[in-house]
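Engineer:
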Amino acid sequence: MEVILIRHTKVHNPRSVCYGQSDIGLASSFENEKDSIISKLTLTGQFTVYSSPAQRCTRLAETITSTYKIDTRLQEVNFGDWENTPWQDIPQLQLTPWMEDFVTIQPPNGESFLDLHTRVKEFITELQQNDFDKVIVITHAGVIRSILCDSLGIPLVNAFRLTIDYGSLSKLIFSDYPPQLKSLNL
Numbered sequence: 024m025e026v027i028l029i030r031h032t033k034v035h036n037p038r039s040v041c042y043g044q045s046d047i048g049l050a051s052s053f054e055n056e057k058d059s060i061i062s063k064l065t066l067t068g069q070f071t072v073y074s075s076p077a078q079r080c081t082r083l084a085e086t087i088t089s090t091y092k093i094d095t096r097l098q099e100v101n102f103g104d105w106e107n108t109p110w111q112d113i114p115q116l117q118l119t120p121w122m123e124d125f126v127t128i129q130p131p132n133g134e135s136f137l138d139l140h141t142r143v144k145e146f147i148t149e150l151q152q153n154d155f156d157k158v159i160v161i162t163h164a165g166v167i168r169s170i171l172c173d174s175l176g177i178p179l180v181n182a183f184r185l186t187i188d189y190g191s192l193s194k195l196i197f198s199d200y201p202p203q204l205k206s207l208n209l
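Counting the sequence shown from 1 gives a position; the numbering used here is that position plus 23.
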């Protein structure tokens, strides 16, 4: 099974707020970015599309197919009380410990990267139990990093060493062998 992981396009975030599961709008460059993404896809044959419920993902999914499936496990990390707060306004007494151990420390009323990883791993395990040839997953950088770390045996603490640009594609092949990375951040 080929799994194509697509990060949503650029967002409109002039205040530099912390957003994870908040439904933040898209930048005015959406149409151009969407066209670039679609030009990189081979949309022939049978394929299934899954999307995070965030509109920054579903808008792209709608341009690929009207029959995409929403899965809440594909949501970005929940930053809890930090959601929609400018990064510079988050108290350093909260932010510093999280930045030093984002894998296990949760923002107040939010989730850790490990929490995200647990639900994302459940999604991938379920996906592998189906008989799909090609799956397109439209989601967020944190989710993509989680999938890549799990698939390639990369410790979660190293997740942010993986660059996942807005509108980028990464491809994995799942078969009887360990997953193989076909492309990263195209």
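Even for Gly, the Cβ is constructed at its ideal location relative to N, Cα and C.
The structure displayed is predicted, hence computed values, not measured ones.
Going straight from the alpha carbon of Pro202 to that of Ile167, what length do you get?
Structural biologist: 14 Å
Engineer: Using a Cβ-Cβ cut-off of 7 Å (strictly less than) and excluding sequence neighbours within five positions of Phe211, which residues of its own chain qualify?
Structural biologist: Shown here, the chain extends from 24 to 209; a query on residue 211 therefore has no answer.
Engineer: Just to confirm my understanding: we take Asn101, look at its own chain, exclude 5 residues before and 5 after, and list those with CB closer than 6 Å. What are they?
Structural biologist: Non-local C-beta neighbours of Asn101 in its own chain, meaning closer than 6 Å and more than five positions away in sequence, comprise Gly43, Gln44, Gly133 and Glu134, ordered along the chain.
Engineer: For Val143, collect the residues of the same chain with a Cβ closer than 8 Å to its Cβ; drop the 5 residues on either side in sequence, then sort them by chain order.
Structural biologist: Arg96, Leu97, Val166, Ser169, Ile170 and Asp173
Engineer: Going by C-alpha distance, which of Ser193, Tyr189 and Ser198 is nearest Lys33?
Structural biologist: Tyr189
Engineer: Quick test of the definition: if touching needs 3 or more C-beta pairs under 8 Å, does the region 73–86 touch the region 151–163?
Structural biologist: In short, these stretches touch, since the Cβ pair count reaches three.
Engineer: Which of helix, strand or coil does DSSP assign to Arg38?
Structural biologist: coil
Engineer: Leaving aside the five residues before and after Glu123 along the sequence, list all residues of the same chain whose C-beta is less than 7 Å from its C-beta, in chain order.
Structural biologist: none
Engineer: What is the DSSP secondary structure of Ile128, counted as helix, strand or coil?
Structural biologist: coil
Engineer: So the candidates are Ser198, Ser193 and Ser59; which of them puts its Cα closest to the Cα of Leu209?
Structural biologist: Closest in alpha carbon position to Leu209, among Ser198, Ser193 and Ser59, is Ser193.
Engineer: Could you check what DSSP says for Val166 in three-state terms: helix, strand or coil?
Structural biologist: helix
Engineer: DSSP on Val158, reduced to helix/strand/coil?
Structural biologist: strand
Engineer: Could you give the distance in angstroms between the alpha-carbon of Gly68 and the alpha-carbon of Phe197?
Structural biologist: Distance between Gly68 and Phe197, taken at the CA atoms: about 18 Å.
Engineer: Three or more beta-carbon pairs under 8 Å between the region 48–63 and the region 81–94, yes or no?
Structural biologist: The region 48–63 vs the region 81–94: in contact.
Engineer: DSSP on Lys33, reduced to helix/strand/coil?
Structural biologist: coil
Engineer: What does the alpha-carbon distance come out to for the pair Thr180 and Glu25?
Structural biologist: The residue asked about is misnamed: residue 180 is Val in this sequence, not Thr. Cα to Cα, Val180 sits roughly 26 Å from Glu25.
Engineer: In angstroms with no decimal places, state the Cα-to-Cα distance between Asn36 and Ala77.
Structural biologist: 15 Å
Engineer: How many whole angstroms separate the CB atoms of Lys63 and Thr86, which I take to be in contact at a CB cut-off of 8 Å?
Structural biologist: Their Cβ separation, rounded to whole angstroms, is 13 Å, which puts Lys63 and Thr86 out of contact at 8 Å.
Engineer: Give every residue of the same chain whose Cβ lies closer than 7 Å to the Cβ of Lys205, excluding the five residues on either side of it in the sequence, and list them in chain order.
Structural biologist: Lys194, Leu195 and Ile196
Engineer: According to DSSP, is Ser191 helix, strand or coil?
Structural biologist: Shown here, Ser191 sits in coil according to DSSP, grouped into three states, outside any helix or strand.
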